[in-house]
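The structure appears right after this line, and notes come after that.
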Amino acid sequence: MTQRLSLTVNGVGHELDVPANRTLFQLLREDLDLVGAKDGCRQGVCGSCTVLVDGVPIRSCLALAVRCGGRQVTTVEGLAIDGKLDRLQQEFVNAGAVQCGYCTPGMLMMATALLAENSTPTEEEVREALIGNLCRCTGYTRIIRAVLAASGNEDPGGGAPRLPPGRPKEGDVPLGGTARSARERP
Amino acid sequence: MNDRAAPDLAAHLRYVGKPVPRGDAIDKVTGSWIYGTDFVLPGMLHAKVLRSPYPHARIVSVDVERARATTGVRAVVTGAELPYLYGSAIRDEPFLARGKVRYAGEPVAAVAAVSEEIARAAIDLIDVEYEELPGVFDPLEAMRPGSPLVHENLAAYEMEGAFTRCPGTNIVGHTKIRRGDVEQGFREADFVFEDVFTTQYVQHCSMEAHVSIAQVAADGAVTVWSSCQSPYNFLRDLAKALGLPYSMVRVIATGVGGGFGAKMYLRTEPLTVALAMRTGGKPVKYAHTRDEEFIGAVTKHPAHLTFKTGVKRDGTLVARKITAIFNTGGYGDAGPQVARNSAFSGTGPYRIPHVWIDSYCVYTNNPIGGAFRGFGVPQATWAHESQLDMIAHRLGIDPIEMRMKNLVDLGDSTCTGEVLYTSVGVKDTLRRAIEVSGYGVPLPAPANPKVARGRGLATMHKLTNTPTNSAAIVKMHQDGTVNLLCSSVELGQGVNTVFRQIVAERLGVPIEHIRIAAADTHYTPYDQSTSGSRSVFHMGNAMLRAADDLVRQLCELAAPLLGVPIETLEFRDGGVARIGSDGLMSAREIIERRFGARGNTLQGAGSFTPPGATPPDKETGQSPKMSAFWMYATHVADVEVDLETGKVRVLKVVAVHDAGTIINPDGAEGQIEGGVVQGLGATLCEEMLVREGIVANPSFAEYKIPTSMDVPEIVPVLVEAPHAEGPYGAKGLAEPALAPTAPAIANAIFNATGARITSLPITPEKVLQALRQIGK
Chain C
0 MTQRLSLTVN
10 GVGHELDVPA
20 NRTLFQLLRE
30 DLDLVGAKDG
40 CRQGVCGSCT
50 VLVDGVPIRS
60 CLALAVRCGG
70 RQVTTVEGLA
80 IDGKLDRLQQ
90 EFVNAGAVQC
100 GYCTPGMLMM
110 ATALLAENST
120 PTEEEVREAL
130 IGNLCRCTGY
140 TRIIRAVLAA
150 SGNEDPGGGA
160 PRLPPGRPKE
170 GDVPLGGTAR
180 SARERP
Chain H
0 MNDRAAPDLA
10 AHLRYVGKPV
20 PRGDAIDKVT
30 GSWIYGTDFV
40 LPGMLHAKVL
50 RSPYPHARIV
60 SVDVERARAT
70 TGVRAVVTGA
80 ELPYLYGSAI
90 RDEPFLARGK
100 VRYAGEPVAA
110 VAAVSEEIAR
120 AAIDLIDVEY
130 EELPGVFDPL
140 EAMRPGSPLV
150 HENLAAYEME
160 GAFTRCPGTN
170 IVGHTKIRRG
180 DVEQGFREAD
190 FVFEDVFTTQ
200 YVQHCSMEAH
210 VSIAQVAADG
220 AVTVWSSCQS
230 PYNFLRDLAK
240 ALGLPYSMVR
250 VIATGVGGGF
260 GAKMYLRTEP
270 LTVALAMRTG
280 GKPVKYAHTR
290 DEEFIGAVTK
300 HPAHLTFKTG
310 VKRDGTLVAR
320 KITAIFNTGG
330 YGDAGPQVAR
340 NSAFSGTGPY
350 RIPHVWIDSY
360 CVYTNNPIGG
370 AFRGFGVPQA
380 TWAHESQLDM
390 IAHRLGIDPI
400 EMRMKNLVDL
410 GDSTCTGEVL
420 YTSVGVKDTL
430 RRAIEVSGYG
440 VPLPAPANPK
450 VARGRGLATM
460 HKLTNTPTNS
470 AAIVKMHQDG
480 TVNLLCSSVE
490 LGQGVNTVFR
500 QIVAERLGVP
510 IEHIRIAAAD
520 THYTPYDQST
530 SGSRSVFHMG
540 NAMLRAADDL
550 VRQLCELAAP
560 LLGVPIETLE
570 FRDGGVARIG
580 SDGLMSAREI
590 IERRFGARGN
600 TLQGAGSFTP
610 PGATPPDKET
620 GQSPKMSAFW
630 MYATHVADVE
640 VDLETGKVRV
650 LKVVAVHDAG
660 TIINPDGAEG
670 QIEGGVVQGL
680 GATLCEEMLV
690 REGIVANPSF
700 AEYKIPTSMD
710 VPEIVPVLVE
720 APHAEGPYGA
730 KGLAEPALAP
740 TAPAIANAIF
750 NATGARITSL
760 PITPEKVLQA
770 LRQIGK
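As you go down the protein sequences, you meet chains C and H in turn. Its first residue numbered 0, the first sequence is counted upward by one per residue in numbering that gives the first Met the number 0. Its first residue numbered 0, the second sequence is counted upward by one per residue in numbering that gives the first Met the number 0.
Here it is, written out as C-alpha cells:
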C-alpha cells in the first residue's frame with residue numbers, strides 16, 4: 000500500500016508514491032538518488048544520516064517519508080549553490096576537517112542548523128551541537144575549528160579554550176616550517 | 000638524482016612539507032564521494048546472512064527450501080556447497096560455516112534477493128539445527144591441555160612459512176624472540192619485577208561498515224567492488240581460495256568510510272562472490288548492519304601480557320621476559336601477524352641486552368581478532384610504558400630520567416637484533432614533549448579537594464611489516480598533465496594528496512594537473528596493502544621511481560629533437576633542458592613533436608621493495624633488517640580524577656611524533672588528533688562485552704566511542720628525523736598515535752592519586768577499586 004507524497008528536496012518539488020514504512024533515508028537515497036546522507040547505523044545514534052526538514056535537523060533513518068509531506072528537506076547536496084561551496088563547506092576544506100568524509104554530510108547539516116539558530120556559538124556550544132554526530136577519523140578538533148571559522152567567531156571565549164590556534168594560511172608562513180606545530184630536525 | 004631532501008633543500012620545496020588541501024575534500028563536502036554503501040549497479044541484488052547464535056556447535060542440518068521458494072529470492076547458499084578456505088597467514092576460514100560453527104555470529108547461510116526486505120524475510124525462513132559443543136572463551140584456558148579444540152584440523156591448513164603453529168592445540172601462532180641470556184640477565188639485575196597487563200575487545204567502528212558488490216561472469220571471472228584497504232590481498236586470497244588464475248579476479252576499491260585495519264582482509268567478499276556465482280551474472284551487494292560490524296567483522300585482539308623485567312638499581316634495563324597471549328577468536332584472520340608484530344615491538348624503544356618473548360595467538364570461540372591500527376603495538380605499549388613507570392616509582396627514579404637512560408639512539412640494536420642506522424627521533428620526541436607540555440611546571444591544583452590532578456607520559460615505537468612491495472605508474476598525457484595509477488587506497492588518511500605532492504615536486508608539474516583515481520587491479524599495479532603505516536614510504540618511493548622513469552623517457556625522446564646527447568640533458572620545471580641552459584622544451588612539446596597529431600601517453604613505471612630486508616629467524620626472532628623504518632612518539636597526558644566517583648577526565652594530550660620528513664603537515668596533524676581520540680576511547684570508555692562468546696553491546700548506543708564533548712585539548716607536534724631511504728626522508732604516521740595515550744593516562748592517574756590500573760579500559764570502578772587498595 001502506498002501513499003502519494005509531495006515534498007520539496009533542495010528546492011526541487013517531488014511527487015512520489017511511497018509505502019507507509021519507507022524512511023526518509025530510503026526515499027532520498029533510493030528514490031531520488033541523493034546519497035549524501037550516509038548509512039552509519041540505521042538506529043538514529045551516529046548522525047551520519049542527518050538532514051534538515053524545515054530547517055530542523057533530524058535522523059532521516061528514523062523518519063517516515065510519509066510524515067514529510069509538504070515539507071522542505073535540505074540535504075548536503077543542497078548546500079552549494081551553482082557549484083559554489085557555502086561558507087561551512089569551504090571552512091571544512093580549509094581546516095582539514097575531512098578525512099574519510101563519511102560523517103561529513105551529517106556534520107555539515109547539523110552545523111548548518113546550529114548556525115541558523117545561533118550565528119556566534121562558543122566552542123562549547125559547537126561541541127554540544129555536534130555531540131550526536133560520531134566521527135572516528137578526525138578526533139573532532141578540526142571540525143569544531145571549521146564551524147567556528149564559518150561563524151566568523153574564531154576567538155569564541157566562553158570557557159577555557161581547548162583548541163590550539165589554527166594553522167596560519169599558506170602565504171603567511173616562511174618556507175620550510177610552520178608557526179604552530181613544531182617541526183624540527185634534531 | 001637526489002632521493003632525500005637535505006635540510007637545506009627544504010626551503011626550495013614547492014609541495015613537499017606544505018599543507019596542501021586534500022584533493023577529495025570538495026567531493027566529500029558536497030556529498031559526491033561514492034562509498035561502497037552508496038554503490039549501485041543495474042540489476043543488483045541484495046544479500047542477507049544467517050548467523051550462528053551459538054559460539055561452538057556442530058551444524059546438524061540446514062534447510063533452505065522455504066527461503067529458496069520465496070518470491071524475489073535469486074540465490075541461496077550454504078557452507079556445504081562451498082569447499083573453499085581463505086585466510087592470510089593461515090587458510091582456515093570457510094566462506095560459510097562447514098560442519099561446525101566456531102563463534103557466535105559466524106555466517107551459516109546467505110540469500111540474494113531483489114530487495115533487502117525480501118532477503119531479510121527469506122533468512123528467517125531458513126531452519127538450522129545445531130548441536131551445541133562445549134566452548135572455550137578464555138585464551139589462557141584455551142592453551143591448557145584438555146581444552147576444547149576450536150580447530151581440530153589446525154595441522155592440515157595451508158599456512159605461510161613465516162609462522163609457527165602448535166598442532167593439536169588452540170595455538171595458531173607462536174612467535175619467539177631470544178636475544179642474549181635472559182636468566183643470566185635476571186641474575187645480573189639488582190631487582191626483578193613481574194607484572195601483568197590486560198587489554199579488552201575494541202571495535203574499529205569505521206563509520207562505514209564492511210560492504211562489497213560481487214559479479215561473476217559466465218566464464219567464472221570474478222569482479223569485486225569493495226570498501227577495502229588491500230585490493231591485491233583480496234585478489235590473491237580470493238584467487239587462492241577459488242583456485243582461479245589471478246588474471247581472472249579483479250578487485251576495485253570504492254570510496255572507503257574508514258578502515259583502521261578492519262578492511263585489510265576479506266570479510267563480506269567471500270559471501271557476495273559465493274552468491275554471485277549463482278545469480279546468472281547479476282551483481283550481489285552485501286553491507287553489514289551496524290550490529291554485524293560488532294559480531295561478524297573483526298576486533299582488536301584482547302591481550303594478556305606478563306612482563307618480567309630485570310633492572311639495575313640506577314634504572315638501567317638489563318633483561319625482559321614477556322609472555323603475550325592474543326585472543327584471536329574463531330578464526331586466525333590477521334591474528335598470527337598481530338601477535339608476531341607485537342613481539343617485535345614488545346620491549347619498547349629501549350636498549351635491553353637480554354630478551355625472551357613468547358607471543359601466542361590463540362583460538363577461542365569468540366569474535367574474530369584481526370588487524371587493528373597498531374597491529375599489536377598498542378597492547379605491548381600499554382604494558383611496557385605502564386611497567387616502566389611502575390619500576391621507576393619502585394626504584395625512586397624519575398620516569399623521564401628512566402626513559403632517557405634507556406631509550407635507543409642511532410647505533411643501538413632493537414630486541415630483534417637490528418642496528419638502527421637512520422631516523423631515530425625518539426629522544427627528541429621525549430624532549431619536545433617535556434618542553435611543549437610544560438612538564439616541569441605542576442598543574443594548577445583543582446578547587447575541589449575531592450578531585451586530584453596529575454600528569455603522565457609514555458613513549459612508543461613501531462615497525463612496519465617488511466618486506467612489502469609497492470608499484471606505481473605515472474602516466475603523462477600529450478598535454479603534459481598526469482594521472483597516477485596505484486593500488487594504495489584513500490581511507491581518509493590523505494595518501495592520495497601525498498602522492499600528488501610527491502610527484503608534483505619531482506616532475507615540476509603543477510599539482511592541479513596531477514590526478515589520482517581509485518585502485519582497480521585490472522589497471523593499477525601491485526601494492527601489498529594500505530596498512531602498517533607503510534604507504535607514504537613504499538608507494539611514495541614507487542611514485543618517485545615511476546616519475547624518474549618518465550623523466551628518463553622524456554629525455555630519451557628530447558635528445559634527438561634537441562640534437563644533443565642525452566647525458567647533457569636534465570629535467571626541471573616540467574620540461575627538458577640542456578644542463579646549465581635556460582631553454583626548456585616542455586613535456587607537452589616533446590610528446591607532440593615526437594608523436595605528432597596522433598598523440599600518445601607516456602607511462603613511467605616504478606616499483607619499490609625496501610633494500611636489505613631479511614625475514615627473522617623463526618627460533619630467535621633475530622634479523623639484521625627487520626623493518627623498513629621505525630616510528631616513534633611520546634605522549635604527555637594531563638588528567639583529573641574524581642576521587643569519589645573514579646571518573647577520569649583528560650584535560651590535555653601533547654602528542655609528539657617522529658615520522659621522518661612530513662609531506663603534508665595538515666594531514667599529519669589530523670592523523671595524530673584522530674589517533675589520540677581513538678586511543679582515548681580504548682583507554683576510558685570502549686569495551687565490547689563478550690560473555691561466553693556473545694557480544695552483549697553490539698550497537699553505538701551501548702558501545703560508546705568518543706563524541707565531540709569527550710575530546711580534550713590535543714597538541715600535535717611533529718619532530719622530523721629524516722629517513723635515509725624514505726621519499727624526501729618520510730617514514731609513516733598512521734598508527735603510532737593510537738598507542739601511547741593509554742599508558743600516559745594510566746601514568747597520569749598514578750601521578751595524581753598513587754593508584755595503578757593495569758587493565759584496559761580504565762573504568763571508574765577500576766579507579767575506585769585501585770584507590771581503595773591504597774587506602775584512599
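We treat Cβ as the ideally placed atom computed from N, Cα and C, and that holds for glycine.
{"Item": "Using DSSP bridges, identify the partner residues of Lys784 (chain H).", "Value": "Here chain H has residues from 0 to 775 only, and residue 784 (chain H) is not among them."}
{"Item": "Mark Ile662 (chain H) as exposed unless 16 or more other C-beta atoms lie within 10 angstroms of its C-beta, in which case mark it buried.", "Value": "buried"}
{"Item": "Below 9 angstroms on C-beta distance, what does Lys37 (chain C) contact in chain H?", "Value": "Gly30, Tyr34, Thr36, Asp37, Met206, Glu207, Gly256"}
{"Item": "So the candidates are H:Pro166, H:Val201, H:Arg350; which of them puts its Cα closest to the Cα of Pro760 (chain H)?", "Value": "H:Val201"}
{"Item": "Going straight from the alpha carbon of Gly256 (chain H) to that of Thr267 (chain H), what length do you get?", "Value": "16 angstroms"}
{"Item": "Starting from the C-beta of Arg141 (chain C), find all residues in its chain whose C-beta is less than 7 angstroms away, skip the five residues before and the five after it, and write them out in chain order.", "Value": "Ala94, Gly95, Ala96"}
{"Item": "Work out the CA separation of Arg587 (chain H) and Thr783 (chain H) for me, nearest whole Å.", "Value": "A question about residue 783 (chain H) goes unanswered here, because the residues of chain H that appear run from 0 up to 775."}
{"Item": "Based on the DSSP secondary-structure assignment, which residues constitute the bridge partners of Thr197 (chain H)?", "Value": "H:His303, H:Ser758"}
{"Item": "Assuming Leu63 (chain C) contacts Thr22 (chain C) under a Cβ cut-off of 8 angstroms, what Cβ separation, rounded to an integer in Å, is found between them?", "Value": "6 angstroms"}
{"Item": "Can the beta-carbon of Ile501 (chain H) be found less than 7 angstroms from the beta-carbon of Gly531 (chain H)?", "Value": "no"}
{"Item": "Closer than 8 angstroms, Cβ to Cβ, to anything on chain H: give me those residues from the region 98 to 116 of chain C, in chain order.", "Value": "Gln98, Cys99, Gly100, Tyr101, Cys102, Thr103, Pro104, Leu107"}
{"Item": "Taking only three categories from DSSP, how would you classify Ala149 (chain C)?", "Value": "helix"}
{"Item": "I'd like the span of the alpha helix (DSSP H) that includes Met142 (chain H), first residue to last.", "Value": "Segment: none, Met142 (chain H) is in no alpha helix (DSSP H) and carries neither H nor E."}
{"Item": "If the cut is a Cβ gap below 9 angstroms, which residues of chain C does Phe293 (chain H) touch?", "Value": "Simply none; closest approach about 11 angstroms."}
{"Item": "Ignore the nearest five residues each way along the sequence and tell me which others in Ser358 (chain H)'s own chain have a CB closer than 6 angstroms to its CB.", "Value": "Thr174, Ala323, Ala338, Ser341, Ala342"}
{"Item": "Given 8 angstroms as the limit, is there contact between the region 611 to 621 of chain H and the region 542 to 562 of chain H, that is, 3 or more CB pairs closer than that?", "Value": "no"}
{"Item": "Candidates H:Leu767, H:Glu207, H:Arg544, H:Gly314: which alpha carbon is nearest Phe498 (chain H)'s?", "Value": "H:Arg544"}
{"Item": "Go ahead and pull the three-state DSSP assignment for Glu639 (chain H).", "Value": "strand"}
{"Item": "Please look up how many angstroms separate the CB atoms of Ile294 (chain H) and Val694 (chain H), rounded, as I've assumed it's under 8 angstroms.", "Value": "5 angstroms"}
{"Item": "Under 8 angstroms between beta-carbons, which chain H residues line up against Arg21 (chain C)? List them in chain order, please.", "Value": "Those within 8 angstroms of Arg21 (chain C) in chain H number zero; the least Cβ separation is about 11 angstroms."}
{"Item": "Assign Glu14 (chain C) to one of three DSSP states: helix, strand, or coil.", "Value": "strand"}
{"Item": "Does the region 50 to 65 of chain H come within contact of the region 215 to 231 of chain H, defined as at least 3 CB pairs closer than 8 angstroms?", "Value": "no"}
{"Item": "So that I know if they touch, is there some Cβ in chain C lying closer than 7 angstroms to that of Asp782 (chain H)?", "Value": "What the structure shows of chain H is the stretch from 0 to 775, and residue 782 (chain H) is not part of that stretch, so it cannot be assessed."}
{"Item": "Comparing alpha-carbon positions, which option in H:Gly98, H:Gly179, H:Pro144, H:Ala155 lies nearest Glu131 (chain H)?", "Value": "H:Gly98"}
{"Item": "Taking Cβ positions, are Ala627 (chain H) and Ala747 (chain H) nearer each other than 7 angstroms?", "Value": "no"}
{"Item": "Could you tell me whether any Cβ in chain C is nearer than 7 angstroms to the Cβ of Phe325 (chain H)?", "Value": "no"}
{"Item": "Under three-state DSSP, which class holds Asn340 (chain H)?", "Value": "helix"}
{"Item": "Is Arg65 (chain H) near Ala111 (chain H), with beta carbons less than 7 angstroms apart?", "Value": "no"}
{"Item": "Under the three-state reduction of DSSP, which class applies to Ser534 (chain H): helix, strand or coil?", "Value": "helix"}
{"Item": "Counting only Cβ-Cβ distances shorter than 8 angstroms, please list the residues of the region 135 to 152 of chain C near chain H, keeping chain order.", "Value": "Arg135, Cys136, Thr137, Gly138, Tyr139, Thr140, Arg141, Ile142, Ile143"}
{"Item": "So which residues on chain C does Leu490 (chain H) lean against when the C-beta distance must stay under 7 angstroms?", "Value": "Cys99"}
{"Item": "Can you give the beta carbon distance from Gln214 (chain H) to Pro282 (chain H), rounded, assuming they're within the 8 angstroms contact cut?", "Value": "4 angstroms"}
{"Item": "Taking 7 angstroms as the CB-CB cut-off, is Gly669 (chain H) touching chain C?", "Value": "yes"}
{"Item": "Ignore the nearest five residues each way along the sequence and tell me which others in Ile433 (chain H)'s own chain have a CB closer than 7 angstroms to its CB.", "Value": "Ile399"}
{"Item": "Assuming Asp85 (chain C) contacts Gln71 (chain C) under a Cβ cut-off of 8 angstroms, what Cβ separation, rounded to an integer in Å, is found between them?", "Value": "About 17 angstroms separates the two Cβ atoms, so there is no contact after all."}
{"Item": "Output yes if chain H places a C-beta closer than 7 angstroms to the C-beta of Gln2 (chain C); else output no.", "Value": "no"}
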